[in-house]
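Structure record follows, encoded as structure tokens.
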Amino acid sequence: MSDESPGRDAPPDAPPDEADAADAGTGGREPSRPRTWAEAADSTLRRAATFGDIDAFHEIVGRHGPAMLRYASRTLNDRGDAEEAVQDAFVAAWRTLPDFRGDSTLRTWLFTITRRKAIDLVRRKRPLPVTDDELLERAVGATPGPSVGEGSGFVEALDTALAALPESQRSVWLLREVEEMSYAEIAQVQRTTETAVRGKLARARAGLQTMLEGWKP
73 MSDESPGRDA PPDAPPDEAD AADAGTGGRE PSRPRTWAEA ADSTLRRAAT FGDIDAFHEI
133 VGRHGPAMLR YASRTLNDRG DAEEAVQDAF VAAWRTLPDF RGDSTLRTWL FTITRRKAID
193 LVRRKRPLPV TDDELLERAV GATPGPSVGE GSGFVEALDT ALAALPESQR SVWLLREVEE
253 MSYAEIAQVQ RTTETAVRGK LARARAGLQT MLEGWKP
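Per the working numbering, the very first residue in the sequence shown carries number 73; after that it's consecutive.
Below is the structure:
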């Protein structure tokens, strides 16, 4: 995937050098390996991947990648951009795992990186002096989504309505209603307070209710 030399700076499909393995709170001891990584908790996978276990990292990718892609796709309203943002997020995660202090869950940390990479991607394509939220709103607004009258109905209408929301409200709604994150986790992803999250979610729900009025039974 890259011409970079192996090591901690290499992308996640290239095994790291042993010299680059880091402690990351394990006391310098490599964690014992479970029978299969699919049985391992996220914390175990994180510690093993920090020590350079590529199989453990691949399990992290398989476990959390689909949800990250789902979130990025609806955040950016473009599948190709979403795939690029998620790939960038996993590369960044691999490189910075030794710095992860465990202040949040692994899942929350990965979603935080995904949102950051989505913003970075849009900024590279549209280098405008605006805030992160404004940047994502312009990106979604510039990409035509499905109209309410097209396709199979409500799902397309919901996607259109979500695209019309301010980015921060759309992100909060997706993380709460689709990814089922707690208010505390969403606050960490958005780097804001739980009070702000609750306010954004209330406004997002009200906006969607208004835009989807015609779909009430």
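Backbone N, C-alpha and C define an ideal beta-carbon position, used for all residues, glycine too. Small disclaimer: the values here were computed from a predicted structure and weren't measured.
Which residue comes first and which comes last in the alpha helix (DSSP H) that contains Glu156? Segment 151-168, the alpha helix (DSSP H) holding Glu156.
Inter-residue Cα distance where the pair is Arg118 and Ile132: About 8 Å.
Just verifying my parser: in three-state terms, what is the DSSP assignment at Thr265? Thr265: coil per DSSP, three-state reduction.
Which residues bound the alpha helix (DSSP H) around Thr180? 178-197 is the span of the alpha helix (DSSP H), which, as asked, contains Thr180.
Using 10 angstroms around the beta-carbon of Lys272, count the other beta-carbons present and answer buried if the total reaches 16, otherwise exposed. Buried is the call here.
Assuming Phe309 contacts Met140 under a Cβ cut-off of 8 Å, what Cβ separation, rounded to an integer in Å, is found between them? What the structure shows of the chain is the stretch from 73 to 289, and residue 309 is not part of that stretch, so it cannot be assessed.
When the Cα of Ala256 is compared with those of Thr180, Glu285, Asp231, which residue comes out closest? Ala256 has its Cα closest to that of Thr180, out of Thr180, Glu285, Asp231.
Entirely enclosed alpha helix (DSSP H) segments - the region 218-261, minimum 4 residues: You should have 226-236, 239-245.
Once DSSP output is grouped into helix, strand and coil, what is the label at Ala121? In the structure shown, Ala121 sits in a helix (DSSP, three-state: H, G or I).
So, under 8 Å CB-CB, Ala274 and Thr265 are touching, yes? Tell me the CB distance rounded to an integer number of Å. Rounded to whole angstroms, the Cβ separation of Ala274 and Thr265 is 14 Å, and the two are not in contact under 8 Å.
Please work out which residues of its chain come closer than 7 Å, Cβ to Cβ, to Gly286, disregarding the five sequence neighbours upstream and downstream, and give them in chain order. The beta carbon of Gly286 sits closer than 7 Å to no other beta carbon from its chain once the five residues preceding and following it are set aside.
Spatial neighbours of Met283 within its chain, please: CB distance less than 6 Å, with the 5 preceding and 5 following residues excluded, ordered by chain position. The beta carbon of Met283 lies closer than 6 Å to those of Ala233 in the same chain, with the five residues before and after it left out.
In terms of residue numbering, what span does the alpha helix (DSSP H) encompassing Asp127 cover? Taken as a continuous stretch (DSSP letters only), the alpha helix (DSSP H) holding Asp127 covers 126-148.
According to the Cβ coordinates, are Leu237 and Ala276 closer than 8 Å? Taking 8 Å as the Cβ cut-off, Leu237 and Ala276 qualify as a contacting pair.
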